[in-house]
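Chains as they are written, first to last, in the working numbering: chain A, 714 to 842; chain B, 714 to 842; chain C, 714 to 842; chain D, 714 to 842; chain E, 714 to 842; chain F, 714 to 842.
Using N, Cα and C, we set each Cβ at its ideal position, and we do this for glycine too.
All of these numbers come straight from a predicted model, not from anything done at the bench.
There are 6 protein chains.
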Amino acid sequence: MSEDRYQKGIKYLKNMNPDSFRILEKNLEDVAPDMARYVAEFAYGEIYSRPGLDLKTRELVTIASITTLGSAQTQLKSHIQGALNVGCSPQEIIEVIIQMAVYAGFPKALNGLFSASEVFNERNEKIEK
Amino acid sequence: MSEDRYQKGIKYLKNMNPDSFRILEKNLEDVAPDMARYVAEFAYGEIYSRPGLDLKTRELVTIASITTLGSAQTQLKSHIQGALNVGCSPQEIIEVIIQMAVYAGFPKALNGLFSASEVFNERNEKIEK
Amino acid sequence: MSEDRYQKGIKYLKNMNPDSFRILEKNLEDVAPDMARYVAEFAYGEIYSRPGLDLKTRELVTIASITTLGSAQTQLKSHIQGALNVGCSPQEIIEVIIQMAVYAGFPKALNGLFSASEVFNERNEKIEK
Amino acid sequence: MSEDRYQKGIKYLKNMNPDSFRILEKNLEDVAPDMARYVAEFAYGEIYSRPGLDLKTRELVTIASITTLGSAQTQLKSHIQGALNVGCSPQEIIEVIIQMAVYAGFPKALNGLFSASEVFNERNEKIEK
Amino acid sequence: MSEDRYQKGIKYLKNMNPDSFRILEKNLEDVAPDMARYVAEFAYGEIYSRPGLDLKTRELVTIASITTLGSAQTQLKSHIQGALNVGCSPQEIIEVIIQMAVYAGFPKALNGLFSASEVFNERNEKIEK
Amino acid sequence: MSEDRYQKGIKYLKNMNPDSFRILEKNLEDVAPDMARYVAEFAYGEIYSRPGLDLKTRELVTIASITTLGSAQTQLKSHIQGALNVGCSPQEIIEVIIQMAVYAGFPKALNGLFSASEVFNERNEKIEK
């Protein structure tokens, strides 16, 4: 195992999205605890910690990708949380998802907006108009 | 028709990716010229021209989305061109595509990197190491 | 903005699916009201209002596409409503979705049929045998 | 084996798209001849031969589905041939594919239009304007 | 209709997953009873009954495919049931789904694991550690 | 970096598919050498080297997943090579891909079979009948 990589990932996760990771670890502990480790070690310890792109942009491109997948609303909401946590504004997140109408089609963009709306309501975030 | 919206889109396209749009118009002129108009009018005149997100970020989230689709390499290369044209560095583009390995899987990320490699070679772009 | 295009889209929506659009507008009003406008203006004002294909066929190909996406059951049900509203029979809708087993696989076709079943039950539509 | 079903499928294929099926059989004969049989027996003998939807509409919804998949251009071109063979006009086919921009995104719709353009050129089909 | 093929499929289904098929038949009886017949006749009577691959491997590759689709959790859970019924261990099923992180991305693999967890809980299956 | 994990992955790759990895490393060396490292370290050093599932089954479920993606024929052919290298028979590979017709639709299954046919021809592999 790569202990350093894991610790680095956990540090990023604590900063970016501690709640989602805690829930993930809990949900996986009986079936696949290694999978939570891979999220920490590979996704965060390797990828999000790479230089060359700031965390705000990393969260926005993740939101673009998961909106395009169309079938992972739990993960989409988790990354909308993460994007807000690293300093993206609600408006920036909305702009990314609206733009997905062009590339992934209107149904997936609409479902992405509904997920964003849920997260903003929970956190009492306001969109500037 | 929305003449203003179309002219606005064309202005954005001339700045962002004039070559790709010229080829697109040519390829569509016999079968669906309206589709080229929608690209100008809706995708560029409406979406890319929205405030709230800079063009560099808009191109990077588009690259994330098309890499995730996995089956539109021509459009991916066109947007890698567009990203370079609006000021993204080759390294930023590569970072976005590598990150897609986590969200869209390794095969799509690899194919995205091969497309980026082709565009960089054509334009003689170098990746800083 | 393209006022004419918007008004044309609203006219189509009032005819084809007023309830779905009202809910959509409501759900988007706090996060992305422009997105509801794009649905009216682009999807309905531009695309559904094009000549060359009747509205019944337009709704059936939309049902084929969303069944193939597989992850947008809300939009699928909305278009099953729309198809019924413009004169498609329940049987025609079922035939389209069954056929998707060949092109999009059995799981997506089955989920499409379950969505159709829900809509038909709500509206008390009967399938002729 | 279901001999009747197979013969019924072959009859439909001879009417709808004899060339594509001949090529398919040839390409599969060394690796998976049963797969060609399933195309005849299940896709054509069972599905296309069902009552309740005419063959023109069946081919148009297939075109919608394969355009939405985005990664099966050979099969898309084969069904554009099939659509023309059962009496769809080039314009109807183009309308279906343009509409996919709304549901599957612009990149897939554009690639669908390029495939249609290739087929129309081979057959010297003209779009009425 | 192919009576033999249907009976053969029913025999396989009774052995592999009788509960899921009973529910499926019930859910389809008012809208599309033929679709339940196709599941029996084509999916089970033709495909699962082919020689050349044992049923355990057939269920594991199905789980890989549906996890990759990402949007058919009901069918995924039904095939996790089927895999257990034909003798796959919970650990083997988990290994397949974890591996999908590499090919279909982490969000789809995670959702697959959550579905497996639900099925294992219902059946009181334990993962060996 | 996780040196051990990387060396373990390279050992697996040398056994499973040395040619594909050499080409991959070459294609990525100018744009994203880290991505080749992640393939070795994460995909092979972490995932394929896990206990609980033999390599033959691991390659077959990968083939199922990539056939379902539908848009990564290079990677599909590389894993068909890998499957043969770890002892899968051509017939087992064909059975997996045929079965994908049920879950991912006929177009993707057909394209998978064409890719298998190319690999078998290159290696002069024969299907037993």
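7 Å Cβ cut-off: residues of chain A touching residue i
i        : result
B/Gly765 : Gln804, Glu805, Glu808
C/Ala785 : Gly783, Pro820, Lys821, Asn824
Proximity test, Cβ basis, 8 Å: residue i and chain G
i        : result
B/Ser778 : Within the model displayed, chain G is absent; protein chains A, B, C, D, E and F are what it includes.
Under 8 Å between C-beta atoms of residue i and residue j
i        : j        : result
D/Pro820 : B/Gln812 : no
F/Gln794 : F/Val832 : yes
D/Glu858 : D/Ala749 : There is simply no residue 858 of chain D to check, as chain D begins at 714 and stops at 842 in what is shown.
C/Gly783 : C/Ala814 : no
A/Ala745 : E/Leu826 : yes
F/Arg810 : F/Ala796 : The amino acid occupying residue 810 of chain F in the given sequence is Ile; Arg does not appear at that position. For F/Ile810 and F/Ala796, no; Cβs fall outside 8 Å.
C/Ser715 : C/Glu754 : yes
C/Val774 : D/Leu766 : no
is_contact[residue i, chain E] using C-beta, thresh 8 Å
i        : result
D/Phe827 : no
Rounded straight-line distance, which links the Cα of residue j to that of residue i
i        : j        : result
E/Leu823 : F/Thr780 : 20 Å
E/Glu838 : E/Phe734 : 22 Å
C/Glu768 : C/Val799 : As written in the sequence, residue 768 of chain C is Leu, which differs from the Glu given in the question. The straight-line gap from Cα to Cα measures roughly 7 Å.
D/Gln720 : C/Glu808 : 22 Å
C/Ala829 : C/Ala785 : 13 Å
E/Asn834 : E/Ile840 : 11 Å
E/Cys801 : E/Pro764 : 19 Å
A/Ile736 : F/Met729 : 36 Å
C/Glu742 : C/Tyr751 : 13 Å
F/Tyr761 : A/Arg771 : 28 Å
D/Lys724 : D/Asn740 : 20 Å
F/Asp717 : F/Tyr757 : 12 Å
F/Asp747 : D/Pro731 : 49 Å
F/Leu726 : F/Arg836 : 19 Å
E/Gly722 : A/Gly722 : 49 Å
Neighbouring residues, chain B, relative to residue i (Cβ below 8 Å)
i        : result
C/Ser762 : Ordered by position in chain B, no residue passes the 8 Å Cβ test against C/Ser762, which lies about 12 Å from the chain.
C/Phe755 : Tyr751, Phe755, Glu759
Minimum Cβ-Cβ distance from residue i to chain D less than 8 Å
i        : result
C/Ile811 : yes
E/Phe819 : no
C/Leu797 : no
Within-8 Å CB hit, residue i to chain F
i        : result
A/Glu759 : yes
D/Val925 : Residue 925 of chain D lies beyond the residue range present for chain D, which begins at 714 and ends at 842; the question has no answer from this structure.
A/Phe833 : no
Under 7 Å by beta carbon: chain B residues contacting residue i
i        : result
C/Glu715 : The sequence shown places Ser at residue 715 of chain C, rather than the Glu named in the question. Within chain B, the residues near C/Ser715 are Ser715, Arg718.
Chain E residues whose Cβ lies nearer than 8 Å to that of residue i
i        : result
D/Tyr816 : Chain E residues near D/Tyr816: none, gap ~15 Å exceeds 8 Å.
Chain B contact for residue i (CB, 8 Å cutoff)
i        : result
F/Leu782 : yes
F/Leu823 : no
9 Å Cβ cut-off: residues of chain E touching residue i
i        : result
B/Pro731 : The contacting residues do not exist; B/Pro731 stays about 34 Å from chain E at best.
Contacts that residue i makes with chain C (C-beta to C-beta distance below 9 Å)
i        : result
E/Leu741 : Leu823, Leu826, Phe827, Ser830
Under 9 Å by beta carbon: chain F residues contacting residue i
i        : result
B/Ile840 : Asp743, Val744, Ala745
Residue i at chain A interface by Cβ criterion, 8 Å
i        : result
C/Gln794 : no
Neighbouring residues, chain E, relative to residue i (Cβ below 7 Å)
i        : result
F/Leu773 : Thr770, Val774
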